[in-house]
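Protein chains in written order, with our numbering: chain Y, 326 to 618; chain A, 50 to 389.
Since the structure comes first, as structure tokens, the remarks are kept for the end.
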């Protein structure tokens, strides 16, 4: 595989990371809330898709019609009845509750589905590709993933900037107390934001399941990739999240290429090191405003 | 300390009683190998004491210094691989190497702080986790550390000691680590540093305004916790037959369980980790081999506690009857009450 092809595959992989990171970026942007169970929720959604496809005998893409609304509802209720109680000036309760929830989800999946790796079979789209040059081929499915990430991020950006609900989101983000004085129910805003975050991570989880085999223990690494995309792009910027995801994807793909050729660091490690470099030299991220970390 | 008609005291009747009880308990525990020849208590206690040591250190960071780390497994792993390198590969005495392993962890924790301290709250938590992953992957990739292989301490490093002596020394080390960790937290809280820490925790801006050097205070606590966690990691290896990078750097084993223990017992109190580790021991005794259920049960209890009783079992105890087992809180005592 050539360097150019590795870079192209990295951009496509970055679409998946951006999709994972969207929910993290949104909930941090609106309510400064960091959900450490985010990666485990993605894997949970992938397992729900496995069960849905088995029970209803449908394609994984059709299972999205079940899994995404289900996860969105779960997000709404979880925010309303659990996460809301942890929001405050002290970040500790939110960290403890979401981290604990992630560990419980991970082990419950292990108990129910066993440690065997699973996969979602989406048919011929998984292997179909377009050949651009002699050594660059673009898979239809990775392209669809990147396209979905862009559509989701554009839709969210439009929601935030153009709609009444988006205005309420932004007002609550800037100053929840004043927003409340203006008649905005901030608890309901938070629940809606978490519903969107769960829905997008469900989408990401099912796409992960179609792309590769997965097991119950993979949630944490998905969380870390999503978090790295958010920090590289800049906290609280949805466009930054897209770019952050793509930069991380390219770093991992090129890192794997280095590993194959020179037996050096693995691609994942390369991505982590890029994240640390951003943290050291540009802590506000590529698109972040100064002093928001 | 005096001021007019009042005196500042940290002692309470319970803390004096506590000191006597803890003293007696300590003597009993230290002589355990004498009166427990079958090791029915000694074997499970090593694990419990190791978890108490880790829990006190995590609580020192998260409960008092506002440093909620999900990367402490990195210092456990560094301790494990330091012991393997120093004792197994270099032939240094294994028990001296436990102290050296702590030093290695302390030194390496300083560059980690340079990166991680740029992040706050939840992002600090995930940032430390990423750094722990980086260290784990580097250990796996390293040819000399061979983190991908199963490695163990052999006759090379342990040959000078009999099996019985090794079991007893491992137990005493675990006891020293657990008691030492508790003592460190008590001493830090009684010191000026501890006063600064709690001021920072309650209001960072206010503490800064009063002249507390927030960064320096946090760094000191961070390095102390890394030293102790690293030394505990070395004892974890002494207590288990073998290790590989994935088990030595396990976030579930060395950080998640520890967090659950502290949350159940009570974050931000010295007694909390002791109560939490008792619950952990009790639940572990009920479960045979089911590792998964241990995480599901303790995790669920911890999440419920964090939502409904954020101060843990110790907080519930306080609500029922306010007692203070460790002399760490400053109170004003009228002079008349003072015993002559």
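Glycine included, every Cβ here is placed at the ideal spot set by N, Cα and C.
Note that the structure is a prediction, hence the values are computed from the model and not measured.
Cα-Cα separation between residue i and residue j, rounded to whole angstroms
{"i": "residue 606 of chain Y", "j": "residue 598 of chain Y", "result": "12 angstroms"}
{"i": "residue 100 of chain A", "j": "residue 586 of chain Y", "result": "43 angstroms"}
{"i": "residue 363 of chain A", "j": "residue 196 of chain A", "result": "40 angstroms"}
{"i": "residue 61 of chain A", "j": "residue 55 of chain A", "result": "15 angstroms"}
{"i": "residue 190 of chain A", "j": "residue 594 of chain Y", "result": "10 angstroms"}
{"i": "residue 416 of chain Y", "j": "residue 170 of chain A", "result": "5 angstroms"}
{"i": "residue 378 of chain Y", "j": "residue 527 of chain Y", "result": "15 angstroms"}
{"i": "residue 140 of chain A", "j": "residue 590 of chain Y", "result": "30 angstroms"}
{"i": "residue 118 of chain A", "j": "residue 353 of chain A", "result": "20 angstroms"}
{"i": "residue 472 of chain Y", "j": "residue 506 of chain Y", "result": "39 angstroms"}
{"i": "residue 356 of chain A", "j": "residue 509 of chain Y", "result": "25 angstroms"}
{"i": "residue 492 of chain Y", "j": "residue 485 of chain Y", "result": "6 angstroms"}
{"i": "residue 212 of chain A", "j": "residue 305 of chain A", "result": "32 angstroms"}
{"i": "residue 373 of chain Y", "j": "residue 282 of chain A", "result": "38 angstroms"}
{"i": "residue 460 of chain Y", "j": "residue 340 of chain Y", "result": "21 angstroms"}
{"i": "residue 203 of chain A", "j": "residue 284 of chain A", "result": "15 angstroms"}
{"i": "residue 610 of chain Y", "j": "residue 566 of chain Y", "result": "10 angstroms"}
{"i": "residue 339 of chain A", "j": "residue 333 of chain A", "result": "9 angstroms"}
{"i": "residue 337 of chain Y", "j": "residue 449 of chain Y", "result": "18 angstroms"}
{"i": "residue 228 of chain A", "j": "residue 280 of chain A", "result": "14 angstroms"}
{"i": "residue 560 of chain Y", "j": "residue 570 of chain Y", "result": "13 angstroms"}
{"i": "residue 364 of chain Y", "j": "residue 552 of chain Y", "result": "10 angstroms"}
{"i": "residue 127 of chain A", "j": "residue 349 of chain A", "result": "30 angstroms"}
Beta carbon proximity, residue i to chain A, threshold 8 angstroms
{"i": "residue 600 of chain Y", "result": "yes"}
{"i": "residue 325 of chain Y", "result": "Within the shown structure, residues of chain Y are numbered from 326 to 618, placing residue 325 of chain Y beyond reach of any answer."}
{"i": "residue 455 of chain Y", "result": "no"}
{"i": "residue 345 of chain Y", "result": "no"}
{"i": "residue 553 of chain Y", "result": "yes"}
{"i": "residue 605 of chain Y", "result": "yes"}
{"i": "residue 618 of chain Y", "result": "Residue placement at residue 618 of chain Y is poorly supported in this model, since its pLDDT is 38, which falls under 50; the coordinates still yield a value, given next. Closer than 8 angstroms to some Cβ of chain A, the Cβ of residue 618 of chain Y qualifies, so yes."}
{"i": "residue 539 of chain Y", "result": "no"}
{"i": "residue 420 of chain Y", "result": "yes"}
{"i": "residue 522 of chain Y", "result": "no"}
{"i": "residue 615 of chain Y", "result": "For residue 615 of chain Y, the predicted model reports a pLDDT of 49, less than 50, meaning its position is unreliable and no value from the coordinates is stated."}
{"i": "residue 608 of chain Y", "result": "yes"}
{"i": "residue 366 of chain Y", "result": "no"}
{"i": "residue 369 of chain Y", "result": "no"}
Interface residues of chain A facing residue i [CB-CB closer than 9 angstroms]
{"i": "residue 436 of chain Y", "result": "339, 341, 342, 345"}
{"i": "residue 407 of chain Y", "result": "352, 356"}
{"i": "residue 563 of chain Y", "result": "Neighbours of residue 563 of chain Y on chain A: none; closest Cβ ~17 angstroms, over 9 angstroms."}
Chain Y within 8 angstroms of residue i, Cβ atoms only
{"i": "residue 130 of chain A", "result": "no"}
{"i": "residue 113 of chain A", "result": "no"}
{"i": "residue 56 of chain A", "result": "no"}
{"i": "residue 321 of chain A", "result": "no"}
{"i": "residue 309 of chain A", "result": "yes"}
{"i": "residue 316 of chain A", "result": "yes"}
{"i": "residue 394 of chain A", "result": "Absent from the structure is residue 394 of chain A, since the part of chain A shown begins at 50 and ends at 389."}
{"i": "residue 328 of chain A", "result": "no"}
{"i": "residue 312 of chain A", "result": "yes"}
{"i": "residue 264 of chain A", "result": "no"}
Contact list for residue i against chain Y, beta-carbon separation under 8 angstroms
{"i": "residue 62 of chain A", "result": "Near residue 62 of chain A there are no residues of chain Y at all, since even the closest Cβ is about 31 angstroms away, more than 8 angstroms."}
{"i": "residue 269 of chain A", "result": "In chain order: nothing, as chain Y lies at least about 20 angstroms away."}
Partner residues on chain B for residue i, Cβ-Cβ distance less than 7 angstroms
{"i": "residue 428 of chain Y", "result": "Among the protein chains in the structure shown, which are Y and A, there is no chain B."}
Whole-angstrom C-beta distance between residue j and residue i, which should lie under 8 angstroms
{"i": "residue 366 of chain Y", "j": "residue 523 of chain Y", "result": "6 angstroms"}
{"i": "residue 376 of chain A", "j": "residue 64 of chain A", "result": "4 angstroms"}
{"i": "residue 132 of chain A", "j": "residue 143 of chain A", "result": "7 angstroms"}
{"i": "residue 107 of chain A", "j": "residue 549 of chain Y", "result": "Wrong, their Cβ atoms sit about 20 angstroms apart, outside the cutoff."}
{"i": "residue 114 of chain A", "j": "residue 307 of chain A", "result": "Not quite, the Cβ-Cβ distance comes to about 16 angstroms (not below 8 angstroms), so this is no contact."}
{"i": "residue 556 of chain Y", "j": "residue 603 of chain Y", "result": "7 angstroms"}
{"i": "residue 420 of chain Y", "j": "residue 361 of chain Y", "result": "6 angstroms"}
Amino acids of chain A, ordered along the chain, whose beta-carbon sits closer than 8 angstroms to that of residue i
{"i": "residue 591 of chain Y", "result": "186, 190"}
Chain-ordered chain A contacts of residue i [CB-CB under 7 angstroms]
{"i": "residue 578 of chain Y", "result": "Going along chain A, no residue has its Cβ under 7 angstroms from residue 578 of chain Y, so there is no contact; the nearest lies around 17 angstroms."}
{"i": "residue 433 of chain Y", "result": "345"}
Proximal chain Y residues relative to residue i, where beta-carbon distance stays under 9 angstroms
{"i": "residue 178 of chain A", "result": "361, 545, 548, 549, 552"}
{"i": "residue 164 of chain A", "result": "601, 604, 605"}
{"i": "residue 182 of chain A", "result": "545, 546, 549, 593, 594, 597"}
Under 7 angstroms by beta carbon: chain Y residues contacting residue i
{"i": "residue 119 of chain A", "result": "424"}
{"i": "residue 359 of chain A", "result": "418"}
Those residues which DSSP pairs with residue i across a bridge
{"i": "residue 455 of chain Y", "result": "Y:463"}
{"i": "residue 285 of chain Y", "result": "Only positions 326 to 618 of chain Y appear in this structure, which leaves residue 285 of chain Y out of reach."}
{"i": "residue 292 of chain A", "result": "A:200"}
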